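In this note's numbering, the protein residues as written are 49 to 384. Here the structure is laid out as structure tokens; the discussion comes afterwards.
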Ligand SMILES: Nc1ncnc2c1ncn2[C@@H]1O[C@H](COP(=O)(O)OP(=O)(O)OP(=O)(O)O)[C@@H](O)[C@H]1O
Ligand SMILES: [Mg+2]
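Now the structure itself:
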């Protein structure tokens, strides 16, 4: 069982305990609140992706870096959800990220992951060695997602993408800033920026539909498929298209929900997109093949449903199903 290859391998270099701290009022200088003990929920982008794939009944493995001090809680969560544990152990504890929920608005405090690691510890190589060991059967899809400790280096996703591609896996990249820019140079099969991340890497505003279409075409120079999410409005899907047909570009509006916390919406959406694009028991698509209308509807439905739960808590599949039924149709652009 252990040696059966995972269909999906997700990398989580910066796991976090997510907790929500309810506050009775929006804080002012000097305030002291007696907050209840916050419940800590194991999260981090790679874990969020693997967890949703596991909810969908897919074989998912999680790699990355796991602080020994919290290995028990994360291992238990992987066990509970049926995710194969391929995380490399590192000294210290997992970071804590807190969302403070106050009547006047929420705010977050995110901490750096494993700041005590140094480049000499080679944490990136350690994580890659565990998730893609020599001689092990490769996953169908490798998901490289989230931020990374300083000690890992921004070029890591490019290196990991090349390794997984050489093994025959389709690589999906969800990163920002330099990690995204450098990762794109390794030509992943899929890239999933949100609007701000795409603007950051391309250097121009995506306010107008024409600008988004230009951005999608530029991103298609690097990735065969682009999933460019735009929060509550919905998501763009672009692929290189079939030979002779030219690029495929569609916008799928998101179903409306009472959003509570958009954190993790993109992770759940990416996982659902990959689940639909690489169905169990069916061959993998050509990386540049157009995206089916149903796959786009499922993806925005999963993202919208995830926005109704706090932090990394996965949404209810029944809600995703209902939102799928309400989603669509896709159209050529965001504007009417
Ligand atoms: N408030 C919302 N209402 C409805 N749908 C939403 C909302 N927020 C997100 N979604 C859905 O989820 C998708 C992904 O959201 P978003 O663009 O915020 O991703 P993201 O910024 O990558 O999120 P994260 O990285 O925190 O997981 C959107 O394309 C949309 O379909
Ligand atoms: Mg995201």
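Glycine included, each C-beta is placed from N, C-alpha and C at the ideal position. Just so you know, these numbers come straight off a predicted model, no measurement behind them.
Between residue 168 and the set 238, 198, 347, the nearest pair of CA atoms involves 198.
Counting only unbroken stretches of 3 or more residues, the beta strand (DSSP E) elements lying wholly within the stretch 182-269 are 189-193, 218-222, in sequence order. Around the beta carbon of residue 349, a 10 Å sphere encloses 16 or more other beta carbons of the protein chains shown; the residue is thus reported as buried. Between ligand 2 and the CB of residue 145, the shortest heavy atom gap is not smaller than 8 Å.
Taking the Cβ of residue 158 as the reference point, every heavy atom of ligand 2 lies at 8 Å or farther away. According to the DSSP secondary-structure assignment, residue 91 is paired through a beta bridge with 64.
Taking the Cα of residue 70 as reference, the smallest distance to any Cα among 153, 196, 339, 254 is reached at 153. Positions of the alpha helix (DSSP H) runs, each at least 4 residues long and wholly inside the stretch 89-160, are given as 93-103, 119-129 in order along the chain. With contacts defined as CB atoms closer than 9 Å, residue 235 and residue 270 qualify as a contacting pair. In the DSSP assignment, residue 296 falls within the beta strand (DSSP E) that extends over 296-301.
Between ligand 1 and the CB of residue 277, the shortest heavy atom gap is smaller than 8 Å.
Taken from the Cβ of residue 315, at least one heavy atom of ligand 2 lies inside 8 Å. Distance from the C-beta of residue 90 to the nearest heavy atom of ligand 1 is not below 8 Å. In this structure, residue 154 has its beta carbon at no less than 8 Å from each heavy atom of ligand 1. Annotation: the continuous beta strand (DSSP E) that includes residue 284 extends over 282-287. For residue 368, the enclosing alpha helix (DSSP H) starts and ends at 365-374.
The beta carbon of residue 172 sits closer than 6 Å to those of 200, 204, all from its chain and outside the five residues before and after it, given in chain order.
C-alpha of residue 299 to C-alpha of residue 282: approximately 7 Å in a straight line.
Taken from the Cβ of residue 310, at least one heavy atom of ligand 1 lies inside 8 Å. Going by beta carbons, residue 228 and residue 247 fall outside the 9 Å limit.
Across the structure, residue 317 and residue 190 are spaced so that their CA atoms are roughly 16 Å apart. Its chain contains 298, 299, 300, 341, 344 as the residues whose beta carbon lies nearer than 7 Å to that of residue 378, once the 5 sequence neighbours on both sides are disregarded; these appear in chain order. Inclusion of residue 238 and residue 232 in the CB contact set at 9 Å is not warranted, their separation being larger than that value. Its chain contains 67, 69 as the residues whose beta carbon lies nearer than 6 Å to that of residue 86, once the 5 sequence neighbours on both sides are disregarded; these appear in chain order. Residue 278 carries a strand assignment under DSSP once its states are collapsed to helix, strand and coil. Positions of the beta strand (DSSP E) runs, each at least 3 residues long and wholly inside the stretch 303-338, cannot be given because no such run exists.
Annotated three-state conformation of residue 70 is strand, per DSSP.
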